[in-house]
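Numbering-wise, full-length UniProt numbering puts 14 at position 14 of the sequence shown, and it's gapless, one number per residue.
Below is one structure, written out as structure tokens; comments come after it.
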Amino acid sequence: MSVGEEVRDTQAPPQQSLGTAAARNLATTTKSAPQMQEISSRWLLKMLPWVQVQGGTYRVNRRLSYAVGDGRVTFVQTGDRVAVIPAELGELPALRDFGDEEVLAELARRCEQRDVAAGEVIAASGDAADRVYLLAHGKVAKVGAGPYGNETDLGVLADGAYFGDQSLVDGDAVWEYTARAVTPCTLLTLSRADVYNLAERAESLQGHLSGLLSIPQQRTNRYGEAAIDLSAGHVGEAVVPHTFVDYEAAPREYELSVAQTVLKVHSRVADLYNQPMNQTEQQLRLTVEALRERQEHELINNKEFGLLNNCDYGQRLQPHDGAPTPDDLDELLSRRRGSKLFLAHPKAIAAFGRECNRRGLVPESVDIGGHHVPAWRGVPIFPSNKIPISDARTTSIICMRTGEAEQGVIGLQQTGIPDEIEPSLSVRFMGIDEQAIISYLVTAYYSAAILVPDALGVLENVEVSRWH
Numbered sequence: 001m002s003v004g005e006e007v008r009d010t011q012a013p014p015q016q017s018l019g020t021a022a023a024r025n026l027a028t029t030t031k032s033a034p035q036m037q038e039i040s041s042r043w044l045l046k047m048l049p050w051v052q053v054q055g056g057t058y059r060v061n062r063r064l065s066y067a068v069g070d071g072r073v074t075f076v077q078t079g080d081r082v083a084v085i086p087a088e089l090g091e092l093p094a095l096r097d098f099g100d101e102e103v104l105a106e107l108a109r110r111c112e113q114r115d116v117a118a119g120e121v122i123a124a125s126g127d128a129a130d131r132v133y134l135l136a137h138g139k140v141a142k143v144g145a146g147p148y149g150n151e152t153d154l155g156v157l158a159d160g161a162y163f164g165d166q167s168l169v170d171g172d173a174v175w176e177y178t179a180r181a182v183t184p185c186t187l188l189t190l191s192r193a194d195v196y197n198l199a200e201r202a203e204s205l206q207g208h209l210s211g212l213l214s215i216p217q218q219r220t221n222r223y224g225e226a227a228i229d230l231s232a233g234h235v236g237e238a239v240v241p242h243t244f245v246d247y248e249a250a251p252r253e254y255e256l257s258v259a260q261t262v263l264k265v266h267s268r269v270a271d272l273y274n275q276p277m278n279q280t281e282q283q284l285r286l287t288v289e290a291l292r293e294r295q296e297h298e299l300i301n302n303k304e305f306g307l308l309n310n311c312d313y314g315q316r317l318q319p320h321d322g323a324p325t326p327d328d329l330d331e332l333l334s335r336r337r338g339s340k341l342f343l344a345h346p347k348a349i350a351a352f353g354r355e356c357n358r359r360g361l362v363p364e365s366v367d368i369g370g371h372h373v374p375a376w377r378g379v380p381i382f383p384s385n386k387i388p389i390s391d392a393r394t395t396s397i398i399c400m401r402t403g404e405a406e407q408g409v410i411g412l413q414q415t416g417i418p419d420e421i422e423p424s425l426s427v428r429f430m431g432i433d434e435q436a437i438i439s440y441l442v443t444a445y446y447s448a449a450i451l452v453p454d455a456l457g458v459l460e461n462v463e464v465s466r467w468h
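Below is the structure:
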């Protein structure tokens, strides 16, 4: 066989029928609507009770509370050296409302860095307390003495916390618990001697500290609210106390936030390619989905009204062993009455499931609108990929009570706005430009409010990558 004959044998046979590629040009294909991976279950938007807000602002009136400076301290890091931001020292109760920036800067310079190893005792119960500790990084366990000589767990402190602050104003203060490092920790210490040595030269600090000692102690309940005088259990003609309920003079107001975008559709597309699906309608559908996703993200992460940033520091807990255990969720539930839901990243839910498996526990599930949702103690655990996971593979678990009547967490919206297509979401026609492009303004208004501090709790620094 010659080379030419061999080439002719390997050529494809001549086409005898219409090809599929050409046939599709004459056929009507079956199409799906445009798909979008970003769409999630958005359980938070579904489960929050939404309150109608007229005028775009919601005011939370509360009983008068006294601020005690229970915030967190922020630091800056340069290599392996850590320094406290001077203004952040105002979070300490002894320096609350003290505004002399030069003196605060000097106090910040007097803070000494101390690095401790895991398991090291930082302060022992019963010892004299002469300094405040600022926790820049790591975890510290507060350990007390039990009634039978055993140790009791009084809580865990994490980045930004402080302890021993009473020592700055009380020369006779002693440690009421033992502070022990759970992980390697970096701390800054500020001694009472340094504070008072500086006060001898700085009149502003001296006046602030002396005024602190002369201010009469405000009568409060265990929540820091102004006390209501009552009498109970008396007999005879006892004098019944007089009282009144005081309110906050400047209550917090929540303004509705906004998410907007301008959707553009060419008129030629809207005119000629609307079969079998309306192009403008599909463009709007996907745009609205993206806005709702952003809305849920903002409700969780926004610095002004987001749940993670607005949780009261007294309601923030640390896991006892890193991974989220049933004990940690029990502690989270115990901080509030009537908890309605947990909200966690799917990886955090998986980590909790691994801890349950390790203990031989099987979490129950509850039916929510036809969906089987995992639950703990009857409280559903909803997934949300809007809760961030840090570079250290840690995240947070949110627990909340919801509803206005329950003094819980509520969503805020305003319905009845012009060109509304969904509650508090509108689509406005903006016109056609010189390039024949049609524009629509798509707007969503929303916010969230925490009516009382214990309505919301957060389990922070939850490890999601631990495998047993």
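C-beta atoms are modelled at their ideal positions from N, C-alpha and C, and glycine is treated no differently.
Given the structure is predicted, the values throughout are model-derived calculations rather than measurements.
Query raised in the report: Do S339 and R401 have their C-beta atoms within less than 7 Å of each other?
Result: One thing to note: S339 has its Cβ within 7 Å of the Cβ of R401.
Query raised in the report: Is there contact here, the stretch 107-114 with the stretch 190-201, by at least three beta-carbon pairs under 8 Å?
Result: yes
Query raised in the report: Would you say T443 and Q260 are within 7 Å of each other, going by their C-beta atoms?
Result: yes
Report task. Go to E331, then tell me how far its alpha helix (DSSP H) extends in each direction, as first and last residue. Result -> P326 to S334
Query - Candidates P276, L286, N302 and A249, of which the one nearest S257 by Cα - result: N302
Report task. Could you tell me which uninterrupted alpha helix (DSSP H) segments, each at least 4 residues in length, are contained entirely in the stretch 266-347, listed from first to last along the chain? Result -> 267-272, 279-301, 307-310 and 326-334
Query - C-alpha distance - A202 paired with A83, whole-angstrom precision - result: So the alpha carbons of these two residues sit roughly 22 Å apart.
Query raised in the report: In chain order, what residues of the same chain lie with their CB nearer than 6 Å to the CB of R124, ignoring the 5 residues before and after it?
Result: Just to set this straight, residue 124 is Ala in the shown sequence, not Arg. Closer than 6 Å at Cβ, skipping near neighbours: T178.
Report task. Starting from the C-beta of H137, find all residues in its chain whose C-beta is less than 6 Å away, skip the five residues before and the five after it, and write them out in chain order. Result -> D159 and T186
**Report entry** Residue-chain proximity (H137, chain D), Cβ-Cβ < 7 Å
**Finding:** Absence of chain D from the displayed structure is noted, only one protein chain being present.
Query raised in the report: Quick one: Cα of D330 to Cα of V366, how far?
Result: 18 Å
Query raised in the report: So, helix, strand or coil for F98, using DSSP?
Result: Under the three-state reduction of DSSP, F98 is assigned to coil, being neither helix nor strand.
**Report entry** Residue closest to P363, alpha-carbon to alpha-carbon, out of H371, I381, E289 and D172
**Finding:** Out of H371, I381, E289 and D172, I381 has the C-alpha closest to the C-alpha of P363.
Report task. Taking G71 as the reference, give the member of Q35, N310 and R180 with the closest Cα. Result -> N310
Query raised in the report: With C-beta atoms as the reference, is Y273 less than 7 Å away from F305?
Result: Contact: no.
Query raised in the report: Taking Cβ to Cβ, would you say A173 is nearer than 7 Å to A129?
Result: yes
Requested in this report: Would you mind stating whether G144 and T152 have Cβ atoms separated by less than 7 Å?
Outcome: yes
Query raised in the report: From L107 to E404, what distance separates their C-alpha atoms?
Result: 44 Å
Report task. Let me know the secondary structure DSSP gives Q54 once reduced to three states. Result -> helix
Query raised in the report: Where does P380 fall in DSSP's three states?
Result: strand
Requested in this report: Would you mind reading off the limits of the beta strand (DSSP E) that contains N197?
Outcome: Note, N197: premise wrong, no beta strand (DSSP E); alpha helix (DSSP H) at R192 to A199.
Query raised in the report: Which of the three DSSP states, helix, strand or coil, is assigned to P93?
Result: helix
Query raised in the report: Going by beta carbon distance, what residues of the same chain come within less than 7 Å of Q279, once the five residues before and after it are set aside?
Result: V265, V269, A270 and Y273
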